[in-house]
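Peer 1:
Residue numbers (my numbering): 120 to 245.
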């Protein structure tokens, strides 16, 4: 902007574009991506409740994750399937549970960290 407009006005516009540009571009989310993100946000509480019920019933964590991944369709089930696959091949718990949270999800992030800590330390999750 400083080169196109020139002068102090161009410098000010360039600074504004530098600050606001990334925020504006991040808002350009496709309809399908937005729909999947919203469906994940809707399904996650149910999936966590189901996971809690399975664990409270005595299921092993990997088995519980597989059962919930099969029961919850869509992006939440897909991500839980990725977690289960990572756990099945022996990935570290924190790495496996990272598949659950993409970005800065306010619910999935803390839940994934708590489940990872429980998987590493053996603390009860339910």
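We put the beta carbon where it would ideally sit given N, CA and C, even for glycine.
Taking the alpha-carbon positions, what's the residue 128 to residue 144 distance?
Peer 2: About 23 angstroms.
Peer 1: For residue 194, count neighbouring Cβ atoms within 10 angstroms of its own Cβ and tell me buried if that reaches 16, exposed if not.
Peer 2: Per the 10 Å Cβ criterion, buried.
Peer 1: Relative to the C-alpha of residue 171, which residue among 160, 186, 157 and 158 is closest?
Peer 2: Of the listed residues, the one whose Cα sits closest to residue 171 is 186.
Peer 1: What does the alpha-carbon distance come out to for the pair residue 231 and residue 149?
Peer 2: Rounded to whole angstroms, residue 231 to residue 149 spans 26 angstroms at the Cα level.
Peer 1: Rounded to the nearest angstrom, what separates residue 190 and residue 196 at their Cα positions?
Peer 2: Roughly 7 angstroms separates the two Cα atoms.
Peer 1: What's the C-alpha gap between residue 140 and residue 131?
Peer 2: Residue 140 and residue 131: Cα-Cα distance of roughly 14 angstroms.
Peer 1: Under 8 angstroms Cβ to Cβ from residue 239, same chain only, skipping five residues before and after it: list those, please.
Peer 2: Excluding residues within five positions, the ones whose Cβ falls inside 8 angstroms are 211, 212 and 213.
Peer 1: Could you check the C-alpha separation between residue 241 and residue 203 for me, to the nearest Å?
Peer 2: Their backbone Cα atoms lie some 17 angstroms apart in a straight line.
Peer 1: Using 8 angstroms as the threshold, is the C-beta distance between residue 217 and residue 206 below it?
Peer 2: Result no, Cβ atoms of residue 217 and residue 206 do not sit closer than 8 angstroms.
Peer 1: Work out the CA separation of residue 208 and residue 167 for me, nearest whole Å.
Peer 2: One C-alpha to the other measures close to 22 angstroms.
Peer 1: For residue 158, tell me which candidate among 125, 133, 178 and 198 has the shortest Cα-Cα distance.
Peer 2: Cα-wise, what sits closest to residue 158 is 198.
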